[in-house]
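Visitor:
In our numbering, the protein residues as written are 99 to 627.
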């Protein structure tokens, strides 16, 4: 079975006048053919292309591409039509994992599409092996449970993660050298990916690795298909509901939901980071220096190195966090400015800059930083760590004032225990809101369901950092712990939406909250008091 695709792509002319094809925008004309049984047919390899003279800038390009001679090409292709699914989850990170598990366990036929070869998202592929936001910063209360707790306890049982409740209360701890970071869960990423595979198989989730979500076909205000690509080629998946867990609102943006990106005044986004892990660290030597100088971020050392012309990076702090093994540290130090996580070229440049900085930084660490003299690089993350890109615009936008006023919401589906954390786009060692004196007045930040529901298209939901919030509210909500909470809620919301054939905006949130409670999720803070 096939669906015919007509897509508009771009041709960029180089100085010699030749043309290179590149994706700009997809316009699809769906032609359903009579359904038939039997194996899915292979897509045909031939494609009809012709040039369109109009210039246009769209998906896949940054603002600077508008002046690079972009024109259109119409590309016609028959797509293999897959069997239909109740829900397609786009992205296998901290919000996509629980969404897929919750939906499949409730009986929905669920497809999880992941662009890399493993689940876990930023926690595994980007090397951030420290789950933050699941407990309050004082390490006294859980903020996230349910599927998040199931996964972390599964890792504890295998000896592949450290329970923050078992970490000694110290002024300076190697698990971040700051009190608040001790509330995170350090874990072994290899064990995490194995555990997640097991969970998906047990739940009956169909997982597609090395597959990119290309576009969403719509009929009126509903998505009818997700178009994806892998080594098998382009194909279309019919679906009743979509969970956009890309973190970038990719599918929401492609199907016409309103989105915003970056800082309100100029569109700039917080810097990216290429995480790397080092082993062979003498943590006692590092701790001795930190206690002596009262300096967990090595600011005075970096100041001295800058004055001597040794440190030329645009950031003035050094962040190292012990992972699940003593002597192995996650280095979350680099801040790569001017990276647009929705632009392929920008991400590629960011990766190259990040790798270059990694080796320069490692040389400085070995020579100047106490405890790192015999350290060596264990791994460099294969995926760039992106903190911020698009945010959907829902019927409600969660504001900074809501957080400061300690506003509660009747549709709360989870909490974050983290604080303001969104570095300035141009001054990456500066946290504007954290250093503004606007203190969080309570230990937790509630997450309202309605912030995950975009406008215009009715059968898509966006858990994770792409939710409908003012930019600075991403600080507490973008961490992995609260993303698990949002994904769990999104998966159960999909059950209602599919079985009762209603929009995500019409989901009964009281019933959703009750379902979350039954599955061990935390939706009422008074139970944590």
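Beta carbons are placed, not taken as given, at the ideal position from N, Cα and C, and that holds for glycine. Keep in mind it's a predicted model, so treat the numbers as computed, not measured.
Report back the beta-carbon spacing between residue 474 and residue 377 to the nearest angstrom; my notes put them in contact at under 8 Å.
Guide: With 8 Å as the limit, residue 474 and residue 377 qualify as a contact, their Cβ atoms being about 6 Å apart.
Visitor: Suppose you measure from the CA of residue 205 to the CA of residue 365; what does that come to, to the nearest Å?
Guide: Spanning the two alpha carbons is a distance of roughly 41 Å.
Visitor: Here's a check: name, in chain order, each residue in its chain whose Cβ is nearer than 6 Å to the Cβ of residue 213, leaving out the five neighbours to either side.
Guide: These residues qualify, in order along the chain: 310.
Visitor: Can you give me the Cβ contacts of residue 371 inside the same chain, cut-off strictly under 7 Å, excluding the 5 residues immediately before and after it?
Guide: Around residue 371: 430, 432, 433, 434, 483.
Visitor: If you draw a straight line from the C-alpha of residue 145 to the C-alpha of residue 332, how long is it?
Guide: Legend: pLDDT at residue 145 = 30, less than 50; position of this residue unreliable, value from coordinates given subsequently. Computed Cα separation, rounded: 12 Å.
Visitor: In the DSSP assignment, what are the bridge partners of residue 552?
Guide: Residue 552 is bridged to 492.
Visitor: Residue 516 and residue 230: beta carbons closer than 7 Å?
Guide: Yes; because the gap between Cβ atoms is below 7 Å, this pair is in contact.
Visitor: Can you give me the start and stop residues for the alpha helix (DSSP H) that residue 427 sits inside?
Guide: First-last for residue 427: 427–429, but that is the beta strand (DSSP E), not the alpha helix (DSSP H).
Visitor: What does the Cβ neighbour count give for residue 612, buried or exposed, with the cut at 16 atoms within 10 Å?
Guide: Exposed is the call here.
Visitor: Does the distance from the C-beta atom of residue 253 to that of residue 285 stay below 7 Å?
Guide: A contact, by the Cβ cut-off of 7 Å.
Visitor: Could you tell me the distance, in whole angstroms, from the CA atom of residue 577 to the CA atom of residue 565?
Guide: Taking the straight line joining both Cα atoms gives about 13 Å.
Visitor: Within its chain, find whatever has a CB closer than 8 Å to the CB of residue 620; leave out the 5 residues flanking it on each side and keep chain order.
Guide: Closer than 8 Å at the Cβ level, and outside the excluded window around residue 620, lie 240, 241, 242, 243, 244, 512, 513, 583, 626.
Visitor: I'd like to know if residue 495 contacts chain B, where contact means its C-beta is closer than 7 Å to some C-beta of that chain.
Guide: Note that chain B does not occur in the displayed structure, where there is just one protein chain.
Visitor: Taking the alpha-carbon positions, what's the residue 336 to residue 597 distance?
Guide: Spanning the two alpha carbons is a distance of roughly 16 Å.
Visitor: Out of 570, 174, 614, which has the shortest C-alpha to C-alpha gap to residue 486?
Guide: Looking at the Cα atoms, 570 is the closest of the given residues.
Visitor: So what does DSSP say about residue 188, is it helix, strand or coil?
Guide: Reduced to three states, the DSSP call for residue 188 is strand.
Visitor: Which full runs of the beta strand (DSSP E) of 3+ residues lie inside the region 372–436, going along the chain?
Guide: Listed in chain order, the complete beta strand (DSSP E) runs (minimum 3 residues) inside the region 372–436 are 374–377, 418–420, 427–429.
Visitor: Look up residue 333 in the DSSP assignment and give the residues it is bridged to.
Guide: In DSSP, residue 333 forms a bridge with 178, 326.
Visitor: Could you tell me whether the region 498–513 touches the region 449–463, using the rule of 3 or more Cβ pairs below 8 Å?
Guide: Too few Cβ pairs lie closer than 8 Å, so no.
Visitor: Could you have a look at residue 525 and say whether DSSP puts it in helix, strand or coil?
Guide: Note: residue 525 maps to coil in three-state DSSP.
Visitor: Going by CA-CA distance only, name the one from 401, 493, 248 that's closest to residue 618.
Guide: Nearest C-alpha to residue 618: 248.
Visitor: Looking only at its chain, what residues have a beta carbon closer than 8 Å to the beta carbon of residue 447, apart from the 5 residues adjacent to it on each side?
Guide: Excluding sequence neighbours, residue 447 sits near 437.
Visitor: State the Cα-Cα distance for the pair residue 184 and residue 323, rounded to the nearest angstrom.
Guide: So the alpha carbons of these two residues sit roughly 11 Å apart.
Visitor: Grab me the residues of residue 193's own chain with a C-beta within less than 6 Å of its C-beta, minus the 5 sequence neighbours each way, in chain order.
Guide: Contacts found: 343, 561, 562, 581, 584, 585.
Visitor: To the nearest angstrom, report how far apart residue 289 and residue 406 are at their CA atoms.
Guide: The straight-line gap from Cα to Cα measures roughly 43 Å.
Visitor: For residue 456, which three-state DSSP category applies?
Guide: Note: residue 456 maps to helix in three-state DSSP.
Visitor: Three-state secondary structure (DSSP) at residue 353?
Guide: In the structure shown, residue 353 sits in coil (DSSP, three-state: anything other than H, G, I, E or B).
Visitor: Name the two residues that bound the continuous beta strand (DSSP E) containing residue 475.
Guide: Note, residue 475: beta strand (DSSP E), 474–478.
Visitor: Among 272, 592, 608, whose alpha-carbon lies nearest the alpha-carbon of residue 601?
Guide: The candidate whose alpha carbon is nearest that of residue 601 is 592.
Visitor: Under 7 Å between the Cβ atoms of residue 334 and residue 179?
Guide: For residue 334 and residue 179, yes; Cβs fall inside 7 Å.
Visitor: What does the Cβ neighbour count give for residue 524, buried or exposed, with the cut at 16 atoms within 10 Å?
Guide: Its Cβ having fewer than 16 others within 10 Å, residue 524 is exposed.
Visitor: For the region 192–219, which segments carrying the alpha helix (DSSP H) assignment without a break, of at least 4 residues, lie completely within its bounds, in sequence order?
Guide: Runs found: 194–203.
Visitor: State the start and end residues of the unbroken beta strand (DSSP E) segment that holds residue 312.
Guide: 310–317 is the span of the beta strand (DSSP E), which, as asked, contains residue 312.
Visitor: On the criterion of 16 or more Cβ atoms from any shown chain inside 10 Å, does residue 391 qualify as buried, or is it exposed?
Guide: With fewer than 16 Cβ atoms within 10 Å of its Cβ, residue 391 is classed as exposed.
Visitor: What's the C-alpha gap between residue 96 and residue 182?
Guide: Any question about residue 96 goes unanswered here, given that the chain covers just 99 to 627.
Visitor: Which same chain residues end up closer than 8 Å to residue 316 when comparing Cβ atoms and leaving out the 5 residues on each side of it in sequence?
Guide: Once the five neighbours on either side are set aside, the close Cβ partners of residue 316 are 322, 353, 354, 555.
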